[in-house]
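Take a look at the structure below.
Number of protein chains: 2
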Amino acid sequence: MNFQQLRIIGETVKHNFNLTEVAGALNTSQSGVSKHIKDLEEELGVALFERKGKRLLGLTEPGRELLPIVERMLTDTRNIKRIGEQFSQRDEGEICIATTHTQARYVLPPVVSRFRRDYPKVRLVLHQANPREIAAMLLDGSADIGIATETLAAEPQLASFPYLRWNHGVIVPKGHPLAGVTPLTLDAIADYPIVTYDTAFTGRSRIDKTFAAAELSPDIVMEALDSDVIKTYVELGLGIGIITAIAYDCARDPGLDLLDACHLFEPSVSRIAIRRGRTQRDFTYRFIELLSRDLTEANVRSGAAES
Amino acid sequence: MNFQQLRIIGETVKHNFNLTEVAGALNTSQSGVSKHIKDLEEELGVALFERKGKRLLGLTEPGRELLPIVERMLTDTRNIKRIGEQFSQRDEGEICIATTHTQARYVLPPVVSRFRRDYPKVRLVLHQANPREIAAMLLDGSADIGIATETLAAEPQLASFPYLRWNHGVIVPKGHPLAGVTPLTLDAIADYPIVTYDTAFTGRSRIDKTFAAAELSPDIVMEALDSDVIKTYVELGLGIGIITAIAYDCARDPGLDLLDACHLFEPSVSRIAIRRGRTQRDFTYRFIELLSRDLTEANVRSGAAES
DNA sequence: GATGCTTACGATACCCGTAAAGATA
DNA sequence: TATCTTTACGGGTATCGTAAGCATC
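If you read the protein sequences in the order shown, they are chains A and B.
Numbers 76 to 382, taken from the working numbering, label the letters of the first sequence in order.
Numbers 76 to 382, taken from the working numbering, label the letters of the second sequence in order.
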């Protein structure tokens, strides 16, 4: 048994059992991949892959049992590598943060610039993605930290921590009649066409639930992926907008008014997630501490320890 | 990085950083061991071992961080191997049970013979040892199951399960005056010289605590490692014995009487332990089920899952 | 016929062990 | 001096990639 064989097992599952792709992903030859699999199966005395003739179709039962162990070993090799980097180049390296638009645009900038000042030699990669992709990136190791509002909590392999509470607010063009309605009500909102987030983004599910609970069916005329697009179309008069309150800035958005809606929508909680079992660089913990002073390295470590 | 390097790191720590011994343990040459260490340190970019000149003295800080991961990888290699065996030879293999004298002599025989009938092709190795050695054998992987009364629960790497409650009893030569004392009292026992277990064995600590709580200082004239030796010397008239009640059999011990002492000593609990994170063979779970029908595979698995 | 897996074979690199040299107690 | 580690070097082996053969779709 050797590491190449383990890598091949892992990649084979990832690439739908297409060994040609696997060879490409590992920059090696198909023949080598094929032989490695055969050798390992021979050494263990069991077939790991279901075959139809020469094609691989899936894992056998022993293969399914093996897979989680193989994956743990692969992450452990990366952990070992990371410990090496950690000590050989304390303040150098790379940190990849997978996050949604809202966080990247409105919350992270001060944290990022602070981090860059503290760790000028660390390459900071921001990867904007939707919550599902963020979870996938954490799981496959391509991201160190994930930040999102929608459920990162579902996956047991991830440890997630709340770090920011925020509310939805309603934005309207300056002088819009809705601005005169005080206090704002759901019924009043539902009278106008609405522009808001796409499903599975930035608390959209919470918006839907709130209207459903009030037995209202709002007229959603546009679903966007980010607050900036929503603001643009609200300014054009397409309708009123429901966005994160933190995305509104009276100086930058002179054509819009933000109407408080704390009493209408429950607050949302954005979470930070990391992969359990992954050894993190020191500066990764520092980044998380910058996001929330409660999330000290000790707290994050103990939260990630279970399972 | 390769497996041989990881094995070498692990063995080096085990053998007090003597590379000559390590080479012996892995049947290879010192030079190879030395080079592997150097190569790995070079690859990671950090020194893993503290050195004084050419001698290795201990782990550096990165080495200490690395060690648990290396050990997990080594147990994972064994886990993979075990999965192979599990499926290629379902009912063949080896099971090693580390246990104390009392269990081996009085509790395990029926279980062992039943297991041998069910799994005739499994080589069953019984290894008699003291509780500390039992824990060590589980930790280093040389035993599958450990059984003992004294604390196996202390080590977080081990998962232990209670499976047998038992009481201490007093044995006396037939016709001994103590047999007339009913109910038996601690004071009455303390009047006679006592033969019992060595410290750290078969609930000896419980015996001591019981007398201490009653402010008695019993005259312990002999400390033995097992009940059979105690019985022998009680029969010779050296004193009265305090042993596990399960070690007395009126048919086999015609010269002795067992006096009930349930009301004097708290019951002891014998425990079964396995190593967390170790993949167990099917028949290992079957063996545990034979010991206690409550300890089903599902229960044991979930109990071993934490941490 | 196109794609995908396996087998055969030659080149390369890696790992191992012997032997000699250097360091430590 | 005896023990232990490192360095140097040669032999063997395993791994890799090319190329050809063969099965599946």
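Each residue gets a CB set at the ideal place from its N, CA and C atoms; glycine is no exception.
**Prompt:** Does the beta-carbon of PHE340 (chain A) have 16 or more other beta-carbons within 10 angstroms, so that it is buried, or is it exposed?
**Reply:** By 1-based counting over the first sequence, the position of residue 340 (chain A) is 265. Buried is the call here.
**Item:** For ASP335 (chain A) and VAL245 (chain A), the rounded distance between their alpha carbons
**Value:** Counted from its first residue, the first sequence places residue 245 (chain A) at position 170. Counted from its first residue, the first sequence places residue 335 (chain A) at position 260. The alpha-carbon atoms of VAL245 (chain A) and ASP335 (chain A) are separated by roughly 7 Å.
**Request:** Measure the C-alpha to C-alpha separation of MET300 (chain A) and ARG368 (chain A) and round it to an integer number of angstroms.
**Result:** By 1-based counting over the first sequence, the position of residue 300 (chain A) is 225. By 1-based counting over the first sequence, the position of residue 368 (chain A) is 293. Here residue 300 (chain A) is Leu; the residue named in the question, Met, does not match the sequence. CA-to-CA, the gap between LEU300 (chain A) and ARG368 (chain A) works out to about 29 Å.
**Message:** Going by DSSP, what residue range makes up the alpha helix (DSSP H) through LEU183 (chain A)?
**Reply:** Counting from 1 along the first sequence, the entry for residue 183 (chain A) is found at position 108. 183 to 193 is the extent of the alpha helix (DSSP H) around LEU183 (chain A).
**Supposed close pair LEU214 (chain B), ALA179 (chain B) - CB separation, criterion 8 Å** = Position 139 of the second sequence, counting from 1, holds the residue named residue 214 (chain B). Position 104 of the second sequence, counting from 1, holds the residue named residue 179 (chain B). Not confirmed; about 20 Å, so no contact.
**Prompt:** Using the C-alpha atoms, what's the distance from GLU225 (chain B) back to ALA204 (chain B)?
**Reply:** One-based indexing of the second sequence puts residue 204 (chain B) at position 129. One-based indexing of the second sequence puts residue 225 (chain B) at position 150. Roughly 12 Å separates the two Cα atoms.
**Message:** Against PRO231 (chain A), what residues of chain B qualify as contacts under a CB-to-CB distance less than 8 Å, listed in chain order?
**Reply:** Working through the first sequence from its first residue, we reach residue 231 (chain A) at position 156. Here the premise fails: no neighbours, minimum Cβ distance about 11 Å.
**Item:** Closest by C-alpha distance to ARG361 (chain B), when choosing among B:GLU117, B:ASP193, B:VAL145
**Value:** As a working note, residue 361 (chain B) is residue 286 in the second sequence. Of the candidates B:GLU117, B:ASP193, B:VAL145, the one whose C-alpha sits nearest the C-alpha of ARG361 (chain B) is B:ASP193.
**Message:** Looking at LEU123 (chain A): is its Cβ nearer than 7 Å to the Cβ of GLY138 (chain A)?
**Reply:** Within the first sequence, the letter at position 48 stands for residue 123 (chain A). Within the first sequence, the letter at position 63 stands for residue 138 (chain A). LEU123 (chain A) places its beta carbon less than 7 Å from that of GLY138 (chain A).
**Asked** Which residues in chain B sit within 8 Å of ASN102 (chain A), going by Cβ to Cβ distance?
**Response** For the purposes of this step, residue 102 (chain A) is taken as residue 27 along the first sequence, with counting starting at 1. Ordered by position in chain B, no residue passes the 8 Å Cβ test against ASN102 (chain A), which lies about 18 Å from the chain.
**Listed by chain order, chain B residues near GLU140 (chain A) by CB distance under 7 Å** = Working through the first sequence from its first residue, we reach residue 140 (chain A) at position 65. Those are ILE158, listed as they occur along chain B.
**Request:** Report yes or no: do three or more beta-carbon pairs, one from the segment 152 to 168 of chain B and one from the segment 278 to 294 of chain B, lie closer than 8 Å?
**Result:** The segment 152 to 168 of chain B, when compared against the segment 278 to 294 of chain B, does not touch it at the 8 Å Cβ threshold.
**Prompt:** Taking 6 Å as the cut-off, does the CB of GLY250 (chain A) come closer than this to any heavy atom belonging to the ligand NAD?
**Reply:** This structure lacks the ligand NAD; in fact it carries no ligand of any kind.
**Message:** According to DSSP, is SER54 (chain B) part of a helix, a strand, or is it coil?
**Reply:** The structure shown does not extend to residue 54 (chain B), since chain B spans only 76 to 382, so no value can be given for it.
**ASP335 (chain B), enclosing beta strand (DSSP E) - first and last residue** = Taking the first residue of the second sequence as 1, we reach residue 335 (chain B) at position 260. For ASP335 (chain B), the enclosing beta strand (DSSP E) stretches over residues 331 to 335.
**Asked** Taking 7 Å as the CB-CB limit, is VAL375 (chain A) close to chain B?
**Response** Taking the first residue of the first sequence as position 1, residue 375 (chain A) is located at position 300. No, no contact with chain B.
**Interface partners of THR152 (chain A) on chain B, CB under 7 Å** = On the first sequence, residue 152 (chain A) is found 77 positions in, with the first residue counted as 1. THR152 (chain A) reaches chain B at MET76, counting residues in chain order whose Cβ is nearer than 7 Å.
**Prompt:** Which of the three DSSP states, helix, strand or coil, is assigned to TYR238 (chain A)?
**Reply:** For the purposes of this step, residue 238 (chain A) is taken as the residue at position 163 of the first sequence. It is a strand residue.
**Message:** With the cut-off set at 7 Å, would you say GLY221 (chain B) and VAL270 (chain B) are in Cβ contact?
**Reply:** Translated into the one-based positions of the second sequence, residue 221 (chain B) becomes position 146. Translated into the one-based positions of the second sequence, residue 270 (chain B) becomes position 195. Contact: no.
**Item:** Within chain A, the residues that ALA124 (chain B) reaches when beta carbons sit closer than 7 Å
**Value:** To locate residue 124 (chain B), count along the second sequence from 1; it is residue 49. The sequence given here places Phe at residue 124 (chain B); Ala does not occur at that position. Taking the beta carbon of PHE124 (chain B) as reference, no residue of chain A falls within 7 Å; the closest one sits roughly 13 Å away.
**Min CB distance GLY312 (chain B) to chain A below 7 Å** = As a position in the second sequence, residue 312 (chain B) is number 237, starting the count at 1. By this cut-off, GLY312 (chain B) is not an interface position.
**Asked** Where does the unbroken beta strand (DSSP E) through PRO248 (chain A) begin, and where does it stop?
**Response** Mapped onto the first sequence, residue 248 (chain A) falls at position 173. Run containing PRO248 (chain A): 243 to 248, per the beta strand (DSSP E) assignment.
**Asked** So ARG153 (chain A) and GLY216 (chain A) are in contact, right, with Cβ under 8 Å, and what is the actual spacing, rounded?
**Response** Along the first sequence, one-based indexing puts residue 153 (chain A) at 78. Along the first sequence, one-based indexing puts residue 216 (chain A) at 141. Yes, ARG153 (chain A) and GLY216 (chain A) are in contact; Cβ-Cβ is about 6 Å, under 8 Å.
**Request:** List the residues that DSSP assigns as beta-bridge partners of CYS171 (chain A).
**Result:** Position 96 of the first sequence, counted from the start, is the residue given in the question as residue 171 (chain A). CYS171 (chain A) pairs with A:VAL200.
**Whole-angstrom distance between ARG126 (chain B) and GLY133 (chain B), CA atom to CA atom** = As a position in the second sequence, residue 133 (chain B) is number 58, starting the count at 1. As a position in the second sequence, residue 126 (chain B) is number 51, starting the count at 1. Spanning the two alpha carbons is a distance of roughly 7 Å.
**Prompt:** Within 10 angstroms of its Cβ, does ALA223 (chain B) collect 16 or more other Cβ (buried), or is it exposed?
**Reply:** Mapped onto the second sequence, residue 223 (chain B) falls at position 148. So ALA223 (chain B) counts as buried.
**Message:** Could you compute how far the alpha carbon of ARG157 (chain A) sits from the alpha carbon of LEU141 (chain B)?
**Reply:** The residue labelled residue 157 (chain A) in the question sits at position 82 within the first sequence. The residue labelled residue 141 (chain B) in the question sits at position 66 within the second sequence. The straight-line gap from Cα to Cα measures roughly 10 Å.
**Request:** Return the CA-CA distance between ALA98 (chain B) and HIS111 (chain B), expressed in angstroms with no decimal places.
**Result:** In the second sequence, the residue the question calls residue 98 (chain B) occupies position 23. In the second sequence, the residue the question calls residue 111 (chain B) occupies position 36. Between the C-alpha atoms of ALA98 (chain B) and HIS111 (chain B) there is a straight-line separation of about 11 Å.
**Message:** Quick check on this structure: which residue in A:ARG191, A:ILE155, A:VAL182, A:TYR181 has the alpha carbon closest to the alpha carbon of ILE170 (chain A)?
**Reply:** The count along the first sequence starts at 1 and reaches residue 170 (chain A) at position 95. Residue A:ARG191 is the option with its Cα nearest to ILE170 (chain A).
**Message:** Just list the residues that DSSP pairs LYS127 (chain A) with in beta bridges.
**Reply:** As a working note, residue 127 (chain A) is residue 52 in the first sequence. Within the DSSP bridge table, the entry for LYS127 (chain A) names A:ARG130 as partners.
**Message:** Please tell me whether SER120 (chain A) has its Cβ less than 7 Å away from any Cβ of chain B.
**Reply:** Here residue 120 (chain A) is taken as the residue at index 45 of the first sequence, counted from 1. The residue you asked about is not Ser; residue 120 (chain A) is Gly in the sequence shown. It does; some Cβ of chain B falls within 7 Å.
**Message:** According to DSSP, simplified to helix, strand and coil, what is LEU227 (chain B)?
**Reply:** Taking the first residue of the second sequence as position 1, residue 227 (chain B) is located at position 152. If DSSP states are grouped into helix, strand and coil, LEU227 (chain B) belongs with coil.
**Message:** Does any residue of chain B have a CB that is nearer than 7 Å to the CB of MET297 (chain A)?
**Reply:** On the first sequence, position 222 is the one that residue 297 (chain A) refers to. So no, MET297 (chain A) is outside the interface.
**Residue-chain proximity (MET148 (chain A), chain B), Cβ-Cβ < 7 Å** = Indexing the first sequence from 1 puts residue 148 (chain A) at position 73. With a threshold of 7 Å between beta carbons, MET148 (chain A) makes contact with chain B.
**Prompt:** Would you say ILE83 (chain B) faces chain A, with C-beta separation under 7 Å as the test?
**Reply:** Stepping through the second sequence from its first residue, residue 83 (chain B) is reached at position 8. No, no contact with chain A.
**Prompt:** Is there at least one Cβ from chain A nearer than 7 Å to ARG155 (chain B)'s Cβ?
**Reply:** Translated into positions along the second sequence, residue 155 (chain B) becomes position 80. For the sequence presented, residue 155 (chain B) should be read as Ile rather than Arg. Under the Cβ criterion of 7 Å, ILE155 (chain B) is counted among the residues facing chain A.
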